[in-house]
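S.K.:
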Amino acid sequence: DAKTTQPTSMDCAEGRAANLPCNHSTISGNEYVYWYRQIHSQGPQYIIHGLKNNETNEMASLIITEDRKSSTLILPHATLRDTAVYYCIVRPTTNNYGQNFVFGPGTRLSVLP
Amino acid sequence: ETGVTQTPRHLVMGMTNKKSLKCEQHLGHNAMYWYKQSAKKPLELMFVYNFKEQTENNSVPSRFSPECPNSSHLFLHLHTLQPEDSALYLCASSKEPQANYGYTFGSGTRLTVV
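Order-wise, the sequence lines are chains A and B.
For the first sequence, counting from 1, position 104 maps to 104 in the working numbering; every step adds exactly one.
For the second sequence, counting from 1, position 110 maps to 110 in the working numbering; every step adds exactly one.
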């Protein structure tokens, strides 16, 4: 079972920041938060991951609360091409226990012109 | 391109046919995965291979038969499928146990069973 909860859907105006929340209240100390997205009928694409500190790359920023029970993925200037389903997943990076990536339903983000 | 290549991209097969899906990666990864995604449903993990050995089979019917001849290639052999098996089949790979960047996915094979 997925260990995260996300809103079913969100809308965002083109050019504005998209803030996608994720709740992972049962996260373990060795589990990272990963974000993927899936554009219609394509394979999921890695976006970003983090443990405790906030992270930023060319695609997005990841803000993790101090207690690590929730996080927010930020797309700073959303474009129409960012319309996709966004998945938040928790898993250890050093996977010695056969924990595979389990995908929940994710958040369907619609970027509107 | 992600580095994980799946062929064919689309496949239509009858219920009595036998076909195979192919997945190939040259990323130096040692684990490969098959996922199934039915319409409007989350991805479901089907099979996991680590170092060519199957380590997980999530109660998948025997009409789906995986094969992993080496760490770069993964097949999914299909026979006597049902219409409800129509779905997007996704292959992924990773470098375990230190999968820092998670899984790399292919573009998928869209399967239609008629």
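Don't be surprised by glycine CBs; every beta carbon is placed ideally from N, CA and C.
#1: Thinking C-beta only, is Leu27/B closer than 7 Å to Asn100/A?
#2: Is Pro117/A helix, strand or coil when you go by DSSP?
#3: Return helix, strand or coil for Arg85/B, following the three-state DSSP convention.
#4: For a contact meaning CB atoms closer than 9 Å, what does His24/A contact in chain B?
#5: Mind checking if Gly43/A is an interface residue toward chain B, Cβ cutoff 7 Å exclusive?
#6: Note the first and the last residue of the continuous beta strand (DSSP E) segment covering Val113/B.
#7: How is Asp67/A classed by DSSP in three states: helix, strand or coil?
#8: Which chain B residues are close to Asn19/A, counting only those with a beta carbon under 9 Å from its beta carbon?
#9: Is the distance from the Cβ of Pro7/A to the Cβ of Thr107/A below 7 Å?
#10: I need the straight-line Cα distance from Phe51/B to Gln37/B, nearest angstrom please.
#11: Count the other CB atoms within 10 Å of the CB of Val33/A; is the residue buried (16 or more) or exposed (fewer)?
#12: Within the continuous beta strand (DSSP E) that includes Tyr36/A, where are the two ends?
#13: Among the candidates Asn30/B, Gln54/B, Thr104/B, Ser62/B, whose CA atom is the shortest distance from the CA of His77/B?
#14: Using a Cβ-Cβ cut-off of less than 9 Å, list which residues of the segment 88 to 108 of chain B approach chain A; keep chain order.
#15: My guess is that Lys134/A and His24/A are in contact by the Cβ rule of under 8 Å, so how many angstroms apart are they, rounded?
#16: Where Glu43/B and Gln42/A are concerned, what is the direct C-alpha to C-alpha distance, given to the nearest angstrom?
#17: Considering only residues of the same chain and omitting the five flanking positions on each side of Ser86/B, which have a CB-CB separation below 7 Å?
#18: Which residue wins for smallest C-alpha separation from Met32/B, given the options Thr109/B, Phe75/B, Pro83/B, Leu88/B?
#19: Can you name the residues of chain A whose CB is closer than 9 Å to the CB of Arg63/B?
#20: When you compare the CB positions of Thr2/B and Thr104/B, do they come within less than 7 Å of one another, or not?
#21: Can you tell me whether Arg114/A is helix, strand or coil according to DSSP?
#22: Helix, strand or coil for Phe51/B per DSSP?
#23: Got a sec: is the Cβ-Cβ distance from Leu43/B to anything in chain A below 7 Å?
M.R.: Based on what the coordinates show:
#1: Start at 1 with the first residue of the first sequence, and residue 100/A comes out as number 100. Start at 1 with the first residue of the second sequence, and residue 27/B comes out as number 27. Not closer than 7 Å, so no.
#2: Because chain A in this structure spans residues 1 to 113, residue 117/A falls outside the shown range and cannot be described.
#3: Mapped onto the second sequence, residue 85/B falls at position 85. Reading off the sequence, residue 85/B comes out as Asp, not Arg. In the structure shown, Asp85/B sits in a helix (DSSP, three-state: H, G or I).
#4: On the first sequence, residue 24/A is found 24 positions in, with the first residue counted as 1. One finds nothing in chain B with a Cβ atom closer than 9 Å to the Cβ of His24/A; even the nearest lies about 15 Å away.
#5: Residue 43/A sits at position 43 when you count from the first residue of the first sequence. By this cut-off, Gly43/A is an interface position.
#6: Your numbering for residue 113/B matches position 113 in the second sequence. Start and end: 109 to 113.
#7: In the first sequence, the residue the question calls residue 67/A occupies position 67. Reduced to three states, the DSSP call for Asp67/A is coil.
#8: As a first step, residue 19/A is located in the first sequence; it is residue number 19 there, counting from the start. Within chain B, no residue comes near Asn19/A; the closest Cβ sits about 22 Å away, beyond 9 Å.
#9: In the first sequence, residue 7/A corresponds to position 7, counting from 1. In the first sequence, residue 107/A corresponds to position 107, counting from 1. Less than 7 Å divides the Cβ of Pro7/A from the Cβ of Thr107/A.
#10: Residue numbering aside, residue 51/B sits at position 51 when the second sequence is read from its first letter. Residue numbering aside, residue 37/B sits at position 37 when the second sequence is read from its first letter. Cα to Cα, the separation comes out at about 25 Å.
#11: The count along the first sequence starts at 1 and reaches residue 33/A at position 33. Buried.
#12: Position 36 of the first sequence holds residue 36/A. Its beta strand (DSSP E) spans residues 31 to 38.
#13: Taking the first residue of the second sequence as position 1, residue 77/B is located at position 77. For His77/B, the nearest C-alpha among the options comes from Ser62/B.
#14: So the list reads Leu88, Leu90, Cys91, Ala92, Ser94, Glu96, Pro97, Gln98, Ala99, Asn100, Tyr101, Gly102, Tyr103, Thr104, Phe105, Gly106, Ser107, Gly108, given in the order they occur along the chain.
#15: An answer regarding residue 134/A cannot be provided, because it is not within the stretch 1 to 113 covered by chain A.
#16: Locating residue 43/B in the second sequence gives position 43, where the first residue counts as 1. Locating residue 42/A in the first sequence gives position 42, where the first residue counts as 1. Checking the displayed sequence, the identity of residue 43/B turns out to be Leu instead of Glu. The C-alpha of Leu43/B lies about 12 Å from the C-alpha of Gln42/A.
#17: The sequence position of residue 86/B within the second sequence is 86, counting from 1. Hits under 7 Å: Leu111, Thr112, Val113.
#18: Sequence index remark: in the second sequence, residue 32/B carries index 32 (1-based). For the set Thr109/B, Phe75/B, Pro83/B, Leu88/B, the Cα lying nearest the Cα of Met32/B is the one of Phe75/B.
#19: Here residue 63/B refers to the residue found at position 63 when the second sequence is read from its first residue. Per Cβ cutoff of 9 Å: no residues; Arg63/B is ~22 Å from chain A at best.
#20: Sequence index remark: in the second sequence, residue 2/B carries index 2 (1-based). Sequence index remark: in the second sequence, residue 104/B carries index 104 (1-based). Yes, they are a contact pair.
#21: Coverage of chain A is limited to positions 1 through 113, which leaves residue 114/A absent and any answer about it impossible.
#22: For the purposes of this step, residue 51/B is taken as residue 51 along the second sequence, with counting starting at 1. Coil at Phe51/B, not helix or strand.
#23: Within the second sequence, numbered from 1, the residue matching residue 43/B stands at position 43. Among the residues facing chain A, Leu43/B is included, as its CB has a counterpart in that chain under 7 Å away.
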